[in-house]
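Quick notes on the structure that follows.
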Amino acid sequence: MDDSLKPSPSPYRWVILIVMWFAMFIGSLTQFQVAALAFWIIPELQLTSSQFALIMSAPMLPAVLLSLAAGSLADRFGVKKVVTVGFAFSVAGVYFRYLATDFTILFSLMVFSGLSSALLNANAAKLLGAWFPMEKMGTAMGLYFSSYSAGITVALATSAMFPSTKSAYVTAGVLMLFVWIAWMVLIKVKPVGAPEMPVMPVIKYIGVVIKSRNVWLVGFGLMFFMGANMAFNGFFPNALNAVRGVDPVTAGLLASIVTLGTMLGSIAGPAMSDHVGMIKPFLAPVSILGAFAMYAAWIVPIGAAMWVTLFVLGILMGISMPLLMAFPMLLSEIGPVYAGTAGGMIATLQLLGAFVIPAFVITPLAGTNFSMLFGLSSLCFALLGVVSLFLPELGTKLRVKIKNVSA
């Protein structure tokens, strides 16, 4: 079809993006409250380092177990219905965390708290792809994923200022309730007049997706990235306090510098990628540089050098994830029909890394040796760069070239 004959994108796409932004923001904030409140939570509940890592990773567990099913169900019944159900459990899980008196109760509530983010993350590419043109998918995903970093930033910078864990938990629960209401009222699955997608048995969606080599590669790349991300952001504030003598509030503020950079990177990186029409130059080189910056952020002197290193690390961390998460809508073998299922499979591997790598690989190997812990985190970041070398180039420049040749 001639591009001039395509309908203009609906202005309502920005309402969709804003609601999605706040839905991911509140999920991220509630998770990383725990990192900033570790100086209270660990002694109060008498947690070991491994138990604390499991609690930090608990919101990712629903994504590991349910993302593939959530994506397939969204392809079948719609994203809005699937995520709405998840929000009901998340609001309860976030609000009632103050009742936890031991590891098991807090872990269980944190699992519930992650349901809405897990179900939304699995279907983000599908929902945004229904509203934004393909040439703007990278930018849209970048804006959406900036919310994750914004949530971490606010959590790390403000949580230690609350007078108690209960006040922090209850405030977050009320905020999540408001976001849930906004989701139910404002979200629409697709623009008016958009064609209906074919409806098939769930097993058909899954069968097509698992045969895609590129979906597996994106999933493994994000698995390594999230392992590095969770280990670094989850332990960095407590490491500054325990080893380098930084008070909890300052440690949280220092850690929030990373996520400020990540927020900038997640917006600027995909926008630059869309502008130059290429994706791969923003993946492998950025990941390798990010691995060096991650370890350097731990060993540089506290002060201006640490602030700058943390900010640079954040920018590098923010660039890759939205570009990779846009892949389901860009892959020719996936597209809008199978994007939910593909996103679900990618999210399963991604959050498997976030749950398993910090708690069952990095922490057992490093123990209380934070230098080793952050070294292993850096290695995981570098592995994302290695995996991305095997991905196809799907930037707009190549897509236009293919279109001109076929014409």
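Taking the working numbering, the leading residue of the sequence shown gets 1, the next gets one more, and so forth.
Using N, Cα and C, we set each Cβ at its ideal position, and we do this for glycine too.
All of these numbers come straight from a predicted model, not from anything done at the bench.
When burial is assigned at 16 or more other CB atoms within 10 Å of the CB, is Ile402 buried or exposed? Unreliable positioning characterises Ile402 in this predicted model, as indicated by a pLDDT of 43, which lies under 50. A coordinate reading is not provided.
Met272 and Phe282 - do their beta-carbons sit closer together than 9 Å? The Cβ-Cβ distance between Phe282 and Met272 falls below 9 Å.
Rounded C-alpha distance that separates Leu289 from Ser146: Distance from the CA of Leu289 to the CA of Ser146, rounded to the nearest whole angstrom, comes to 20 Å.
By a C-beta neighbour count over all protein chains shown, 10 Å radius and 16 as the cutoff for buried, is Ser8 buried or exposed? By the neighbour-count rule (16 or more Cβ atoms within 10 Å), Ser8 is not buried but exposed.
Using DSSP with H/G/I as helix, E/B as strand and the rest coil, what is Ala354? DSSP, reduced to helix, strand and coil, places Ala354 within a helical segment of the structure shown.
Let's see if you can read the secondary structure: which residues bound the alpha helix (DSSP H) around Leu313? Counting along the chain, the alpha helix (DSSP H) containing Leu313 begins and ends at 304-325.
So, under 8 Å CB-CB, Gly221 and Gly269 are touching, yes? Tell me the CB distance rounded to an integer number of Å. No, Gly221 and Gly269 are not in contact; Cβ-Cβ is about 15 Å, not under 8 Å.
Leaving out the 5 sequence neighbours to the left and right, which residues in its chain are closer than 7 Å to Leu389 when beta-carbon positions are compared? In the same chain as Leu389, and ignoring 5 residues on each side of it, the C-beta atoms closer than 7 Å to its own belong to Ala284, in chain order.
Short Cβ contact (9 Å threshold) for Ser113 with Ala354: No. Outside cutoff.
Quick one: is Asp3 buried, meaning 16 or more other Cβ sit within 10 Å of its Cβ, or exposed? Here the model assigns Asp3 a pLDDT of 45, short of 50, so the residue's position is not dependable, and the following value carries that caveat. The residue is exposed, with fewer than 16 neighbouring Cβ atoms inside 10 Å.
Here's the rule: buried if 16 or more other CB atoms are within 10 angstroms of the residue's CB, otherwise exposed. What is Ile210? Counting Cβ neighbours within 10 Å, Ile210 comes out exposed, since fewer than 16 surround it.
Helix, strand or coil at Glu44 according to DSSP, with G and I counted as helix: When secondary structure is reduced to three states using DSSP, Glu44 falls in the helix class.
Which residues mark the beginning and the end of the alpha helix (DSSP H) in which Lys81 is found? Unbroken alpha helix (DSSP H) run through Lys81: 79-95.
Buried or exposed: Asp274, going by 16 or more other Cβ atoms within 10 Å of its Cβ? By the 10 Å Cβ count, Asp274 comes out buried.
Is the stretch 228-235 touching the stretch 49-67 in the sense that three or more CB pairs, one from each, lie closer than 8 Å? Yes, the stretch 49-67 is in contact with the stretch 228-235.
Which residue comes first and which comes last in the alpha helix (DSSP H) that contains Tyr144? That run of the alpha helix (DSSP H) goes 137-158.
What does the alpha-carbon distance come out to for the pair Ala297 and Gly207? Straight-line spacing of the CA atoms in Ala297 and Gly207 works out to 43 Å.
So, helix, strand or coil for Arg76, using DSSP? Looking at Arg76 - three-state DSSP - the assignment turns out to be helix.
So does the stretch 151-169 actually touch the stretch 377-384, counting three or more Cβ pairs closer than 8 Å? Segments in contact, no.
Can you tell me whether Gly367 is buried or exposed, with buried defined as 16 or more other CB within 10 angstroms of its CB? Note on Gly367: under 16 other CB atoms within 10 angstroms of its CB, so exposed under the neighbour-count rule.
Between Gly344 and the rest of its own chain, which residues show a CB-CB distance below 6 Å, the 5 nearest in sequence each way excluded? Cβ neighbours of Gly344 beyond the five flanking positions: Ser67, Leu68, Ala70, Gly71, Ala122.
Check whether the stretch 186-193 touches the stretch 299-310, counting contact only when three or more Cβ pairs, one atom from each stretch, lie closer than 8 Å. At 8 Å Cβ cutoff, the stretches do not touch.
Which first and last residues belong to the alpha helix (DSSP H) in which Asn241 is found? First-last of the alpha helix (DSSP H) with Asn241: 213-243.
Taking the straight line between their C-alpha atoms, what separation do you get for Tyr169 and Tyr338? One C-alpha to the other measures close to 37 Å.
Three or more C-beta pairs under 8 Å: does that hold for the stretch 305-313 against the stretch 126-140? Touching, no, given that fewer than three Cβ pairs across the two stretches are closer than 8 Å.
Which residues in the same chain have their Cβ closer than 6 Å to the Cβ of Ala412, if we skip the five residues on either side of it in sequence? Because residue 412 is not part of the residues shown, which for the chain are 1 to 407, the question remains open.
In its own chain, which residues sit with a C-beta less than 6 Å from the C-beta of Leu391, not counting the 5 before and 5 after it? Cβ within range, chain order: Leu217.
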